[in-house]
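A.B. asks: Take this structure first; my questions come after.
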């Protein structure tokens, strides 16, 4: 995946996040990208437990064989939490791309009861496993754009 393709997919995930927020859900979004660079699935956040990345990984695991998912990329607006990263691992998705890191999200949300962030990097979670899942992120040139919906959502 080229840098331009990554940016395009991060923007697509950002659109999913804005759609989720427009429906009252937390402003997180994720897309599953196939080996041919096509978006196969999109998922926005549902609530504090049903995160975009977890729901997308579960749907993908139900729809596609594990060897195919190993060739796919989960693209997320923000660095997935430990739950989401673990689900990506168990779904056998071979690559993760995310726009902004958890620490930047924490700066925006503070101690909001609906988003008690964890300081546990996705790379740490995946590095604890037996599969060499590639991680790309954060992507500084798009961080501000992807964080924008969080600046208003968590203050309401």
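Numbering (UniProt numbering), first residue to last: 1 to 156. Every residue gets a Cβ at the ideal spot worked out from N, C-alpha and C, and that includes glycine.
(1) Using three-state DSSP, classify residue 28 as helix, strand or coil.
(2) Would you mind working out which of 146, 155, 12 sits nearest residue 37, comparing C-alpha positions?
(3) Name the DSSP beta bridge partners of residue 134, please?
(4) In whole angstroms, what separates the C-alpha of residue 71 from that of residue 91?
(5) What do you get for residue 26, buried or exposed, if any count of 16 or more other CB atoms within 10 angstroms of its CB means buried?
(6) Going by C-alpha distance, which of 5, 6, 80, 152 is nearest residue 55?
(7) Check whether the Cβ atoms of residue 85 and residue 53 sit closer than 9 angstroms, and answer yes or no.
(8) Which same chain residues, not among the five before or five after residue 46, have their C-beta less than 7 angstroms away from its C-beta?
(9) Quick check on the burial criterion: 16 or more other C-beta atoms within 10 angstroms. Buried or exposed for residue 119?
(10) Count the other C-beta atoms from every protein chain shown that fall within 10 angstroms of the C-beta of residue 157, then say buried if there are 16 or more, exposed otherwise.
(11) Would you call the CB atoms of residue 109 and residue 117 closer than 9 angstroms?
(12) Flag this pair as yes or no: are the beta carbons of residue 100 and residue 49 separated by less than 9 angstroms?
(13) Would the beta-carbon of residue 102 fall within 9 angstroms of that of residue 121?
(14) For residue 18 versus residue 32, is the C-beta distance shorter than 9 angstroms?
C.D. replies: Concretely, from the data shown:
(1) coil
(2) By alpha-carbon distance to residue 37, the top candidate from 146, 155, 12 is 12.
(3) The bridge partners DSSP lists for residue 134 are 95.
(4) 12 angstroms
(5) Result: buried.
(6) 80
(7) Going by C-beta atoms, residue 85 is nearer than 9 angstroms to residue 53.
(8) 25, 55
(9) exposed
(10) A query on residue 157 cannot be resolved here, the shown segment of the chain reaching from 1 to 156 and no further.
(11) Against a cut-off of 9 angstroms, the Cβ pair of residue 117 and residue 109 comes out as a contact.
(12) No, they are not a contact pair.
(13) In contact: residue 102 and residue 121 (Cβ atoms closer than 9 angstroms).
(14) no
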